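The UniProt record's numbering applies: residue 1 is where the sequence shown begins, and numbers increase by one. The block underneath contains the structure these notes are about, expressed in structure tokens.
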Amino acid sequence: LIVIAFITMTLFLRTEMHRNTINDGGIYLGALFFGLITIMFNGFAELSMTIAKLPVFYKQRDLFFYPAWTYAIPAWITKIPISVAEACIWVFLTYYVVGFDPSAG
1 LIVIAFITMT
11 LFLRTEMHRN
21 TINDGGIYLG
31 ALFFGLITIM
41 FNGFAELSMT
51 IAKLPVFYKQ
61 RDLFFYPAWT
71 YAIPAWITKI
81 PISVAEACIW
91 VFLTYYVVGF
101 DPSAG
């Protein structure tokens with residue numbers, strides 16, 4: 001994520017983002033789209049781990065060991081801080097360099 005953030009900072013290097021023309025809006029939306037796609041695809045790494053845990057989940061659910069929510073909620077709660085930290089790292093590295101904040105320049 002940090003390497004991709006540095007690539008984004010060099011690709012969209014504008015400490016002062018102009019918002020006057022259609023082309024400026026395209027650059028602005030391109031940077032937003034790239035950030036959104038990067039954060040979204042970064043979360044796909046957890047998908048394979050979740051799928052690997054499914055046989056255990058189904059076995060415990062079918063044998064009435066635990067209800068489904070007792071398995072899902074703790075996993076969901078533990079993933080929230082990791083996702084927030086990844087998004088914060090992305091924002092801290094790219095927000096001012098790309099030029100999303102007009103007072104930074």
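Here a beta-carbon is modelled for each residue, glycine too, at the ideal position from N, C-alpha and C. Bear in mind that the values here come from a model prediction, so they are computed numbers and not experimental data.
Around the Cβ of residue i, are there at least 16 other Cβ atoms within 10 angstroms (buried) or fewer (exposed)?
i	result
Trp90	buried
Phe12	buried
Excluding five sequence neighbours on each side, which residues of the same chain lie with their C-beta closer than 8 Å to the C-beta of residue i?
i	result
Ile2	Ile89 and Leu93
Can you list, in chain order, the residues of its chain with a C-beta nearer than 6 Å to that of residue i? Leave out the 5 residues immediately preceding and following it.
i	result
Ser48	none
Val98	Phe12 and Ala31
For my contact list, residue i and residue j are in at a C-beta cut-off of 8 Å; report their separation, rounded to the angstrom.
i	j	result
Phe34	Thr8	6 Å
Thr38	Ile4	6 Å
Suppose the cutoff is 7 Å on Cβ atoms and the five residues either side in sequence are ignored; what does the same chain contact list for residue i look like?
i	result
Arg61	Ala68
Every unbroken alpha helix (DSSP H) within the UniProt domain "ABC-2 type transporter transmembrane" (2-104), with a cutoff of 4 residues, ordered by chain = 2-11, 22-42, 45-52, 54-62 and 68-98
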